[in-house]
Amino acid sequence: MSLPREGHTETLLTNGKVLVTGGNNHGDYQHSAELYDPSTGTWTTTGSMKYPRARHTAVLLKNGKVLVTGGGTLIEVYSSAELYDPSTGIWTTTGSMHSERMSHTASLLTNGKVLVTAGGTYVDSFSSAELYDPSTGNWTTTGSMKYPRAWHTASLLTNGQVLVAGGGTYVDSLSSAELYDPSTGNWTTTGNMDCKRDTHTASVLTNGKVLVTGGHGGGHGGAALSSAELYDPLTGSWT
């Protein structure tokens, strides 16, 4: 890449290229973006976002554009959102979220809307969730989770529901997991993981189960974990 960055995002575009956005380099927050071309192994710069941001999210929409939400800098957390058009390389602003949030998640639902969950600021973690409608560019609130959390994961299951697992606050990590049903806008609790963890990863496997790996235990920035767990949507349990 053209510069060092962490807390950035990368998104696989429909043309096969990878879009990298924002991030931070020792307090130098970026609004720049770059494209990686797998066919040549090279990077090129593309249009810059309006706002420098890290700890944001980036989601590929069904229309091929990329929605970036939230994140921020050392002194500010954003509610703003921007759209990247790969055909022009240009960013445009779209509707802002109802809450400023960073370290949240964003999931493309089967109906084409985007579910943004939780996250927080430098002071608080949230339990709230919002829905973005690409056809209008507007946000609406939806049901809130039982527990506030940031640094969690959100996985779209084969049944269309979204599994949120772990995360935490500045005080402690969570082992809890919750399911969002887009048809009702409601959350229900499901089985807890064996370990409290935040800043972990989650992958939906071809058999429909969800693999969760690593992360921190005992509060954000706590000891790193080597453990892994599997969630079975059919039973709502972890092994």
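Sequence positions in the sequence shown follow my numbering and run -18 to 220. Even glycine gets a Cβ: it sits at the ideal position worked out from N, Cα and C.
Checklist entry - What does DSSP give as the partner residues of E57 in its beta bridges? => result The partner list for E57 (beta bridge, DSSP) is empty, contrary to what the question assumes.
Next on the checklist: Quick test of your reading: D35 and G4, contact by CB under 8 Å. State the CB separation rounded to the nearest angstrom.
Outcome noted: The residue you asked about is not Asp; residue 35 is Ala in the sequence shown. A35 to G4, Cβ: 5 Å. Contact.
Checklist entry - Counting pairs of beta carbons, one from the segment 172 to 189 and one from the segment 89 to 99, are three or more of them closer than 8 Å? => result Counting Cβ pairs under 8 Å, fewer than three are found: no touch.
Checklist entry - Exposed or buried, D179, counting other C-beta atoms within 10 Å across all chains shown (16 or more means buried)? => result The residue is buried, with at least 16 neighbouring Cβ atoms inside 10 Å.
Next on the checklist: On the CB-based measure, 16 or more other CB atoms within 10 Å of its CB, does V104 come out buried or exposed?
Outcome noted: The residue in question, V104, is exposed, as its Cβ has fewer than 16 Cβ neighbours within 10 Å.
Item to check | Option in G166, G141, T50 with minimal Cα separation from T123 | outcome: Of the listed residues, the one whose Cα sits closest to T123 is G166.
Checklist entry - What beta strand (DSSP E) runs, 3 residues minimum, are completely inside the segment 154 to 190? => result 158 to 162, 167 to 171, 182 to 185, all fully within the segment 154 to 190.
Item to check | Straight-line Cα distance separating G148 from G189 | outcome: Roughly 22 Å separates the two Cα atoms.
Next on the checklist: What residue range does the beta strand (DSSP E) around T23 cover?
Outcome noted: Counting along the chain, the unbroken beta strand (DSSP E) around T23 starts and ends at 23 to 27.
Checklist entry - Looking at the structure shown, is A146 part of a helix, part of a strand, or coil, going by DSSP? => result If DSSP states are grouped into helix, strand and coil, A146 belongs with the strands.
Checklist entry - Helix, strand or coil: how does DSSP classify A110 here? => result In the structure shown, A110 sits in a strand (DSSP, three-state: E or B).
Next on the checklist: Going by beta-carbon coordinates alone, are E(-9) and A39 separated by less than 9 Å?
Outcome noted: Closer than 9 Å, so yes.
Next on the checklist: Going by DSSP in three states, E15 sits in which element: helix, strand or coil?
Outcome noted: Residue state, collapsed to three classes: strand.
Checklist entry - Within 10 angstroms of its Cβ, does A135 collect 16 or more other Cβ (buried), or is it exposed? => result With 16 or more Cβ atoms within 10 Å of its Cβ, A135 is classed as buried.
Next on the checklist: Does T54 pass the burial test, meaning 16 or more other C-beta atoms within 10 Å, or should it be called exposed?
Outcome noted: Its Cβ being crowded by 16 or more others within 10 Å, T54 is buried.
Next on the checklist: Quick check: does the Cβ of Y59 come within less than 8 Å of any heavy atom belonging to the ligand NAD?
Outcome noted: No copy of the ligand NAD occurs in the structure displayed, which carries no ligand at all.
Checklist entry - Going by DSSP, which residues form a beta bridge with L137? => result Under DSSP, L137 forms a beta bridge with V143.
Item to check | Buried versus exposed, by CB contacts within 10 Å (16 or more), K94 | outcome: Around the beta carbon of K94, 16 or more other beta carbons lie within 10 angstroms, which makes this residue buried.
Item to check | Nearest candidate by alpha-carbon position, reference N92, set K43, S108, T121, P(-15) | outcome: Comparing C-alpha distances from N92 to each of K43, S108, T121, P(-15) shows the shortest one belongs to K43.
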